[in-house]
Ligand SMILES: N[C@@H](CCC(=O)N[C@@H](CS)C(=O)NCC(=O)O)C(=O)O
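In our numbering, the protein residues as written are 16 to 213.
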């Protein structure tokens, strides 16, 4: 597998996922200042010119959450995804999709100071509802599916960690702070987020 990567990007999340799985892969550095992400060779992999991307044989996967879900299913023996058809699988999908479809746009719009839109029409609603949902979806203990750590924690927990680290979520609740601390204590998180390793 080839993992297209830049250390200051969302590819750190997919690298974390690969590290959780201990999955053999080739790390392909994409040099943003040199415009490598917009060269035809890379645009043929991801027409968005963005990282991360994963190439597994003739399968191309883009979008960080999709890559995490793909990898969890590729290595079922590692237990980072609940079985297809299980009760947990529905909850799992919810945590995989919510950050990218709703939280990322909401926090970006908030950071840009944009207010002139209909919260009823846009998919991300408003900040108050997003914050309430983050709190409701964050587990008191353990992981989002209970005792089993899954790719849903990499995606949801990784998003919350990013928001806290970069000040987008300035006053996280005690519950959210504790969950983010548990995320950051994982050995694979620490390895993949260590700036000295990149
Ligand atoms: N929705 C994408 C977003 C990926 C993304 O925005 N990547 C940024 C770095 S974090 C990037 O590659 N930017 C380069 C560019 O747009 O030129 C995902 O979740 O993978």
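By construction, the Cβ of each residue, glycine as well, lies at the ideal position given by its N, Cα and C atoms. Just so you know, these numbers come straight off a predicted model, no measurement behind them.
Considering only C-alpha positions, which residue in the set the options is nearest to residue i?
i	options	result
residue 95	114, 185, 160	160
residue 205	182, 183, 176, 98	176
residue 152	114, 55, 42	114
residue 80	90, 108, 57	108
residue 53	70, 19, 76, 86	19
residue 111	198, 174, 183, 36	174
residue 183	191, 134, 125	125
residue 166	90, 49, 139	90
Quick one: grab the DSSP three-state call for residue i.
i	result
residue 161	strand
residue 47	coil
residue 153	coil
residue 134	coil
residue 33	helix
residue 63	coil
residue 55	helix
residue 96	coil
residue 184	coil
residue 141	coil
Provide the residue(s) that pair with residue i in DSSP beta bridges, ordered along the chain.
i	result
residue 77	68
residue 41	17
State the start and end residues of the unbroken alpha helix (DSSP H) segment that holds residue i.
i	result
residue 177	166 to 180
residue 112	102 to 113
residue 92	No alpha helix (DSSP H) holds residue 92; DSSP gives it neither H nor E.
residue 123	119 to 127
residue 197	189 to 199
residue 207	202 to 207
For a test of your reading of the model: does the CB of residue i fall under 6 Å from any non-hydrogen atom of ligand 3? Yes or no.
i	result
residue 205	This structure lacks ligand 3; its bound ligands are ligand 1.
Return yes when the Cβ of residue j is within less than 7 Å of the Cβ of residue i, no when it is not.
i	j	result
residue 141	residue 188	no
residue 34	residue 203	yes
residue 17	residue 51	no
residue 15	residue 137	Nothing can be reported for residue 15: it is not among the residues displayed for the chain, which extend from 16 to 213.
residue 83	residue 121	no
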